[in-house]
Amino acid sequence: GSLLGICLVTQIVTGLLLATHYTADTNLAFASVAHTCRNVQFGWLIRNLHANGASFFFICIYFHIGRGFYYGSYLNKETWNVGVVLLLAL
1054 GSLLGICLVT QIVTGLLLAT HYTADTNLAF ASVAHTCRNV QFGWLIRNLH
1104 ANGASFFFIC IYFHIGRGFY YGSYLNKETW NVGVVLLLAL
């Protein structure tokens, strides 16, 4: 649970930092990403943290679900159903 929280906060912070330098124009989108990686201080690190953090977030989710199976949390119907709804919302 705590790793999921750390991943989520990291994703939000790095996403906001990346969004400040991103341009949605189709002609300039690649140039804005290149600008972030080359000219923004630690832009390459922020981009890599955001990309790899998303994968790590889903790995943590799957471990969390596996832990729920292992400890029999599926017997708590209401809690388990809320978790399934949250998983489907992702």
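Quick note on numbering: the sequence shown equals residues 1054 to 1143 in the working numbering. Glycine is no exception: its CB is placed at the ideal position from the N, C-alpha and C atoms. Computed from a prediction, not measured in an experiment: that's the story for all the values here.
With a threshold of 8 Å, are at least 3 pairs of Cβ atoms found where one atom belongs to the segment 1094-1106 and the other to the segment 1068-1084? yes
If you check the beta carbons only, do F1111 and L1057 fall under 8 Å apart? no
Looking at the structure shown, is Q1064 part of a helix, part of a strand, or coil, going by DSSP? The three-state reading of DSSP puts Q1064 in helix, counting H, G and I together.
State buried or exposed for G1106, treating a residue as buried only when at least 16 other CB atoms are found within 10 Å of its CB. A buried status is given to G1106, since no fewer than 16 other beta-carbon atoms sit within 10 Å of its beta-carbon.
Got a sec? Which residues, its chain only, sit under 7 Å from C1060 by beta carbon, not counting five neighbours each side? G1106, F1109, F1110 and C1113
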